[in-house]
Amino acid sequence: MMSYKIAVTLHLLASVIWVGGMFFAHMALRPAAQTLLEPPQRLPLLKGVLDRFFLWVWAAIITILVSGYWIFFDVMSAKAAIYVHVMQLIGLVMIALFSYLWFVPYRNMGRALASNDLPAAGAAMAVIRRVIGINLVLGVIELVLGAARPF
Ligand code: HEM
1 MMSYKIAVTL HLLASVIWVG GMFFAHMALR PAAQTLLEPP QRLPLLKGVL
51 DRFFLWVWAA IITILVSGYW IFFDVMSAKA AIYVHVMQLI GLVMIALFSY
101 LWFVPYRNMG RALASNDLPA AGAAMAVIRR VIGINLVLGV IELVLGAARP
151 F
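Reminder that position 74 of the sequence shown reads as 74 in the working numbering, one-by-one numbering, no gaps.
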């Protein structure tokens, strides 16, 4: 079935872009920026990174939802193994956390930087980092669920 393969491929590509991007940002980019740059350089850099990455995350979310529910309802006729239900639940939590990030701390960070309020921008960034850390763990669990298909 060709279209099932297309849906799974899109689902996998989108989840790798989202989770891999969080891994890079959380484990490599931010710690290096923290060590090497002072807040006046670091915070605008991180904001510029998030401006670009977050648009890809929205695209990934739309792709994951459309492909995931397409497979679930059309291919599986809503009769899926438990791991798919767990994946769906964790996925919806990840999307809720990302929406919170986008609408609250990320927006606050933009406002703070626009008015040169570095402490407020730093506080918003601290929230963003914690939430991305949670979503990174959830995302890795999702990849393991998808790859291992347990229970
Ligand atoms: C939120 C709603 C989601 C739904 C309804 C959903 C649904 C599904 C379904 C039906 C499959 C196919 C399972 C099979 O063929 O046995 C699947 C596979 C997979 N999903 Fe999801 N998913 C969702 C979210 C996510 C998220 C957020 C991620 C990762 C960030 C993810 C990662 C994967 C992976 C890695 C696979 C395995 C693909 C493969 O077979 O190679 N899913 N998902």
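Ideal placement from N, C-alpha and C gives every residue a C-beta, glycine not left out.
Point to revise | Unbroken stretches of the alpha helix (DSSP H), 4 residues or longer, contained in the stretch 7-50 | key: 30-36
Check your understanding: When you compare each of A80, G133, G146 and A147 to G21 by their alpha carbons, which one comes out closest?
Key -> The residue you call residue 21 lines up with position 21 of the sequence shown. Among A80, G133, G146 and A147, the Cα nearest to that of G21 belongs to G133.
Review point. Can you tell which of G48, A7, L138 and L143 has the C-alpha that lies nearest to the C-alpha of W70?
Key: Working through the sequence shown from its first residue, we reach residue 70 at position 70. The option with the nearest alpha carbon to W70 is A7.
Check your understanding: CB-CB under 7 Å to P44, same chain, minus the five flanking residues each way: which ones, in chain order?
Key -> By 1-based counting over the sequence shown, the position of residue 44 is 44. Excluding positions up to five away in sequence, the list reads L113.
Check your understanding: Any idea if E175 is buried or exposed, counting beta-carbon neighbours within 10 angstroms, 16 or more meaning buried?
Key -> In the structure displayed, the chain extends from 1 to 151; residue 175 sits before or after that span and is not available.
**Study point:** Check: E142 C-beta below 6 Å from any heavy atom of the ligand HEM
**Key:** Position 142 of the sequence shown, counting from 1, holds the residue named residue 142. Yes, the ligand HEM has a heavy atom inside 6 Å of this Cβ.
Check your understanding: Helix, strand or coil for K79 per DSSP?
Key -> On the sequence shown, residue 79 is found 79 positions in, with the first residue counted as 1. It is coil, neither helix nor strand.
Review point. Just checking, does the stretch 97-115 make contact with the stretch 68-82 on the three C-beta pairs under 8 Å criterion?
Key: no
Review point. Do I95 and I61 come within 7 Å of each other at the CB atom, strictly closer than that value?
Key: By 1-based counting over the sequence shown, the position of residue 61 is 61. By 1-based counting over the sequence shown, the position of residue 95 is 95. Yes, Cβ-Cβ distance for I61 and I95 is below 7 Å.
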